[in-house]
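Reading through the structure tokens given below for one structure.
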Amino acid sequence: GGGGGGGDGGIITDLTEQDLVNLRRTIYLTIMSSAAVDECAHKLMKLKLREGQEVEIATMLIECCAQERTYLRFYGLLAERFCLIDRAYQVCFDELFAKQYTMIHRLETNKLRNVAKLFAHVLHSDALPWGVLEYIVISEEETTSSSRIFIKILFQEVAEYMGLKTLRQRLNDESVAPSFLGLFPRDTPKNTRFAINFWTAIGLGGLTDGLRQHLADAPKRIAAAAAAAPPPRALSPLSSSSSSSSSSSSSSSSLMPLRGMSSSTSSSPISSSEACASSSSSEPPTSRNAFPTDVSTLLFGAPLLALEGFLANTSLSASSLALLPTPLRAAAAPRAPLGALPMACLSA
């Protein structure tokens with residue numbers, strides 16, 4: 110037939126992904142029809158896979174394992190064999206572990222148990238690096254009921270294969286310790302207690318010795334941190350000098366009227382004519398209550414003559430007179446009452 114079907118070197122791309130569907134069907138039939146692990150692995154290795162299609166074999170292994178009524182060790186051995194043959198399968202199972210753990214709440218309990226036992230097999234056989242456990246964070250906020258069941262079955266299965274002592278040594282390995290920070294959180298006491306209770310509830314409390322010691326030493330660390338904290342900042346010299354200068358200026362301003370009074374007042378008591386003149390002036394007389402209550406400030410801040418003149422015109426109580434020195438006590442002695450002034454002055 111005629112018609113141009115593109116150039117001779119054109120590449121036909123199947124956008125329907127029919128080839129991928131056919132590959133998945135072939136993988137499924139090969140797995141289900143094999144009687145032994147070696148036979149199944151041999152048939153799957155003979156498939157002509159393009160680069161990047163290794164994930165299809167890993168995905169089909171997990172799906173076939175999950176649909177079984179009970180867990181079959183056949184799938185764990187098959188996954189172990191592929192991980193040991195090619196490192197590309199380790200990368201695929203690592204990504205699928207993270208994907209399965211993220212969507213674990215969508216699985217039924219039976220499927221969840223089968224998937225957990227499959228990954229437990231590849232972990233205890235060292236076919237899959239233990240760094241995949243970094244995706245797990247045991248805390249009340251980061252886990253659900255489904256994820257806690259998954260973690261329980263996973264580690265109970267690993268402990269059954271390896272033994273609790275060997276499992277503890279593996280989890281305490283310094284080379285992979287950063288991957289286990291989520292399994293044994295130490296960020297807050299709340300998360301630490303939750304992890305201790307979780308491991309103890311699933312029968313693996315022997316793994317929490319480090320967490321228990323960390324929680325017991327928490328008060329000591331808090332006290333040491335408080336002792337190492339820097340002391341509060343002292344008042345800087347600049348601010349202290351400014352405060353002292355402001356206080357001195359305020360005291361000097363309060364004493365300024367007394368210094369001006371020394372030129373206009375004398376130490377002798379006022380006469381009747383002076384009292385009349387001051388009362389008939391336009392300015393109101395100064396109130397006697399204006400005398401400062403702090404007598405010591407008055408004594409140390411004004412000249413003696415000004416003090417005598419001021420005290421001569423001021424009536425003090427007995428308690429205030431007792432605070433004055435002897436030379437000034439005579440000048441502050443009580444004067445004649447107001448009724449002794451001339452009647453003309455009072456009428457004015």
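Position one of the sequence shown corresponds to residue 110 (this note's numbering), numbered consecutively onward. Even glycine gets a Cβ: it sits at the ideal position worked out from N, Cα and C.
- Setting aside the 5 residues that flank it on each side, residue 289 is surrounded in the same chain by 242, 280, each with a C-beta closer than 7 Å to its C-beta; the list follows chain order.
- In the structure shown, the three-state DSSP call for residue 330 is helix.
- According to the DSSP assignment, residue 236 belongs to no alpha helix (DSSP H), since it is labelled neither H nor E.
- Secondary structure note for residue 252: it is in no alpha helix (DSSP H), with a DSSP letter that is neither H nor E.
- Residue 185 sits in a helix when the DSSP states are folded into three classes.
- In the structure shown, residue 203 adopts helical secondary structure according to DSSP, grouped into three states.
- When the alpha-carbon of residue 139 is set against those of 207, 120, 169, the nearest one is in 169.
- A distance below 7 Å between beta-carbons, with the five flanking residues on each side excluded, links residue 166 to the following residues of its chain, in chain order: 136, 153, 191.
- Cβ atoms of residue 247 and residue 291 come within 8 Å of each other, at about 6 Å.
- Between the region 218-231 and the region 170-182 there are three or more inter-stretch CB-CB distances shorter than 8 Å, so the stretches are counted as touching.
- For residue 202, the closest C-alpha among the options 148, 311, 228, 297 is that of 228.
- Using a Cβ-Cβ distance cut-off of 8 Å, the region 326-342 and the region 269-284 are not in contact, since fewer than three pairs of beta carbons, one from each stretch, lie closer than that value.
- Counting only residues of its own chain and dropping the five nearest sequence neighbours on each side, residue 323 has a CB closer than 8 Å to the CB of 295, 301.
- Between residue 266 and residue 120, the alpha-carbon positions lie close to 49 Å from each other.
- Residue 142 and residue 134 have their alpha carbons spaced roughly 12 Å apart.
- The beta carbon of residue 268 is closer than 7 Å to those of 276, 313 in its chain, skipping five residues each way along the sequence.
- For residue 139, the enclosing alpha helix (DSSP H) starts and ends at 127-142.
- A distance below 8 Å between beta-carbons, with the five flanking residues on each side excluded, links residue 146 to the following residues of its chain, in chain order: 183, 186, 187, 190.
- For a cut-off of 8 Å, the C-beta gap from residue 205 to residue 171 is around 6 Å, short enough to register as a contact.
- Where residue 324 is concerned, the enclosing alpha helix (DSSP H) starts and stops at 318-325.
- Proximity to residue 129 across 150, 163, 148, 320 peaks at 163, based on C-alpha coordinates.
- In the structure shown, residue 291 falls within a coil segment according to DSSP collapsed to helix, strand and coil.
- When the beta-carbon positions are compared, residue 249 and residue 303 come within less than 8 Å of each other.
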